[in-house]
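Chains A and B supply the protein sequences, listed in that same order.
Going by the numbering used here, the letters in the first sequence line up with residues 4 to 112, in that order.
Going by the numbering used here, the letters in the second sequence line up with residues 246 to 356, in that order.
We put the CB at the ideal spot given by N, CA and C, even for glycine.
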Amino acid sequence: SQQGEEDPQALSIQEGENATMNCSYKTSINNLQWYRQNSGRGLVHLILIRSNEREKHSGRLRVTLDTSKKSSSLLITASRAADTASYFCASYNNNDMRFGAGTRLTVKP
Amino acid sequence: DTAVSQTPKYLVTQMGNDKSIKCEQNLGHDTMYWYKQDSKKFLKIMFSYNNKELIINETVPNRFSPKSPDKAHLNLHINSLELGDSAVYFCASSSGIETQYFGPGTRLLVL
């Protein structure tokens with residue numbers, strides 16, 4: 004069964020704007036991860052947040068985790084055209100990682 | 246050096262054929278995975294192996310059989326290919342509960 008659902012499914016913004024993507028999951032987790040996939044390529048890991056963490060930063064990325072609501076958000080600040088890609092959240096629990104359907108982000112120059 | 250590699254990159258074949266996809270990782274990871282990504286980009290785990298032993302086997306038809314000759318390799322053999330098997334198949338590896346490293350994908354088209 005699908006675990007983890009992102010919204011929106013697609014997001015289009017102008018360069019320089021911030022992009023926020025949300026993710027929900029269904030069971031308890033050890034950690035939640037965000038991945039990026041450029042068209043025609045494999046997934047690349049962006050950031051991991053553990054179940055006992057609430058917020059994490061990495062460069063222009065900010066991830067939050069609310070385990071009571073079973074949700075996470077990924078914020079990309081000052082977006083660039085090169086950020087255009089699909090972004091997936093993945094919930095990890097006991098050797099089992101489940102991906103959401105992804106958000107397709109388009110950043111217009 | 247490529248961390249996780251897959252061959253072939255593209256595979257076009259007829260219905261009913263048998264084909265294999267190979268995956269190798271040089272990261273020293275203990276766990277390897279196979280995922281299927283359909284045309285709607287939904288990524289679904291198929292198998293997970295830890296130190297050559299199967300630990301996850303999702304509801305996948307018996308026509309799909311993973312084989313792990315050693316912990317650096319996890320191959321996927323598919324018998325009697327069907328149209329619905331057309332997808333992109335990704336191999337990945339990890340050292341535990343942390344990051345997974347993905348291969349470039351194998352684009353399978355069944356005609």
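Quick check on residue i: does DSSP put it in helix, strand or coil?
i	result
B/L328	helix
A/Q5	Because A/Q5 sits at a pLDDT of 36, beneath the cut-off of 50, its placement in the model cannot be relied upon, and the following sentence gives the value as read from the coordinates. Three-state result, A/Q5: coil.
A/D10	strand
A/A81	coil
B/D283	coil
A/D69	strand
A/Q36	strand
A/D86	helix
B/R308	coil
A/G15	Correcting the residue type first, residue 15 of chain A is Ser in the shown sequence and not Gly. DSSP places A/S15 in strand when its eight states are reduced to three.
B/L272	coil
B/K264	strand
B/K254	coil
A/S54	coil
A/K111	strand
B/P349	coil
Among the options, whose alpha-carbon lies nearest the alpha-carbon of residue i?
i	options	result
A/N55	A/K29, A/G19, A/V47, A/K73	A/K73
B/S284	A/G105, A/P112, A/L68	A/G105
A/S31	A/T23, A/M100, A/L64	A/M100
A/G45	A/S94, A/A88, A/S82	A/A88
B/N295	B/N302, B/K316, B/V305, B/G348	B/K316
A/S15	A/V47, A/A84, A/R65	A/A84
B/S331	B/L321, B/V305, B/L319, B/L353	B/L353
B/S299	B/Y278, B/N307, B/P306	The displayed chain sequence assigns Leu, not Ser, to residue 299 of chain B. Taking only the C-alpha atoms, the option nearest B/L299 is B/Y278.
A/P112	A/I79, A/G103, A/D86, A/A13	A/D86
A/N34	A/Y28, A/Y95, A/S82	A/Y95
A/T109	A/S61, A/Y90, A/K29, A/R63	A/Y90
A/T80	A/E58, A/L64, A/A93	A/L64
A/L77	A/N98, A/G43, A/S27, A/N97	A/S27
A/A22	A/V66, A/F102, A/N98, A/H48	A/V66
A/N97	B/I301, B/H322, B/L321, B/N320	B/I301
B/Y259	B/Q345, B/P349, B/I323	According to the sequence as given, residue 259 of chain B is Gln; it is not Tyr. Cα-wise, what sits closest to B/Q259 is B/I323.
B/R308	B/L326, B/H318, B/Q251	B/L326
A/E58	A/V47, A/Q17, A/S75, A/H48	A/S75
A/Q12	B/V257, B/G348, B/Y280, B/F287	B/F287
Do residue i and the ligand ZN come close, with the Cβ less than 7 Å from some heavy atom?
i	result
B/S331	This structure simply doesn't include the ligand ZN, nor any ligand for that matter.
Using a 10 Å radius around the Cβ and a threshold of 16 neighbouring Cβ atoms, would you call residue i buried or exposed?
i	result
B/G261	exposed
A/E9	buried
A/R39	buried
B/G329	exposed
A/N41	exposed
B/T304	exposed
B/S340	exposed
A/R107	buried
A/S4	Confidence at A/S4 is low in this model, with a pLDDT of 32, below 50, so its placement is unreliable and no value can be given for it.
B/V355	buried
B/A248	exposed
B/H274	buried
B/N271	exposed
B/N255	Looking at the sequence itself, residue 255 of chain B is Tyr, so the reference to Asn does not match. So B/Y255 ends up on the exposed side.
A/G62	exposed
>> With three or more C-beta pairs closer than 8 Å as the rule, is the segment 335 to 353 of chain B touching the segment 246 to 266 of chain B?
In response: Touching, yes.
> Would you call the segment 60 to 74 of chain A and the segment 305 to 314 of chain B touching, i.e. three or more CB-CB distances under 8 Å?
Replying inline: No, the segment 60 to 74 of chain A does not touch the segment 305 to 314 of chain B.
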